[in-house]
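Notes follow once the structure below has been shown.
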Amino acid sequence: MNDTTITLVRSDYQKLDRLLDASSNLTLPGIDMLSDELSRARIVDADEVGPDCVTMNSTVRFIDSEENKAYEMTLVYPEQAGSPGTVSVLAPVGSALLGLRVGQSIRWQVPGGRQVELQVVAVTAQPEGELHLQRAG
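This is the structure we're talking about:
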């Protein structure tokens, strides 16, 4: 288990918890990893999460330090995955990014036993960030 502190929006946590319950009979590595993430997350209301936090449906720019490659992807629920530029929360990279903040990094195991180190460099779009902008305006 990883000890990087992560933050989840309460509504995302509830949807993800239901997703795990509905997927309990499946044997995907991402399910166990996501379950571990949920068990160690700090749960907050949407107005408490900063614009620098990776939430569901956020577009995040990150670096895979092991391969020295940069990526920009939107973190989505499994039924929304498959489009270019999206990553499912059940994919190892998706569950690793969930709840991280800009500047945080995490070591994570991906299929094949390979370890990656992912660092969040920007959250370029976030539903809760839009909420903050609407309240401020």
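With the sequence shown counted from 1, adding 9 to any position gets you the working numbering.
From the three backbone atoms N, C-alpha and C, an ideal C-beta is built for every residue, glycine too.
Computed from a predicted structure; not experimentally measured.
Residue closest to residue i, alpha-carbon to alpha-carbon, out of the options
{"i": "ALA134", "options": "ASP54, THR95, ASN34, SER104", "result": "THR95"}
{"i": "SER114", "options": "TYR86, GLU137, CYS62", "result": "CYS62"}
{"i": "SER74", "options": "PRO93, ARG123, ASP45", "result": "ARG123"}
Beta-carbon proximity of residue i to residue j, cut-off 8 Å
{"i": "GLY112", "j": "VAL125", "result": "no"}
{"i": "ILE15", "j": "LEU107", "result": "yes"}
{"i": "LEU84", "j": "ASN66", "result": "yes"}
{"i": "PRO101", "j": "PRO87", "result": "no"}
Residues of its chain near residue i, where Cβ-Cβ distance is below 7 Å and the 5 sequence neighbours each way are ignored
{"i": "SER20", "result": "ALA55"}
{"i": "ALA43", "result": "Looking at the sequence provided, one finds Leu at residue 43 rather than Ala. The residues are LEU25, LEU29, VAL98, LEU99, SER104."}
{"i": "VAL58", "result": "THR16, VAL18, THR64, GLU137"}
Cβ neighbours of residue i in the same chain (closer than 6 Å, five flanking residues each side left out)
{"i": "ARG49", "result": "none"}
Cβ-heavy atom distance, residue i to the ligand FMN, below 7 Å
{"i": "ALA105", "result": "Inclusion of the ligand FMN in the displayed structure is not the case, the ligand content being empty and no account of it being possible."}
(message) Please give the ranges of any alpha helix (DSSP H) in the region 89 to 116, keeping only runs that are unbroken, at least 4 residues long and fully inside the region.
(response) 101 to 106
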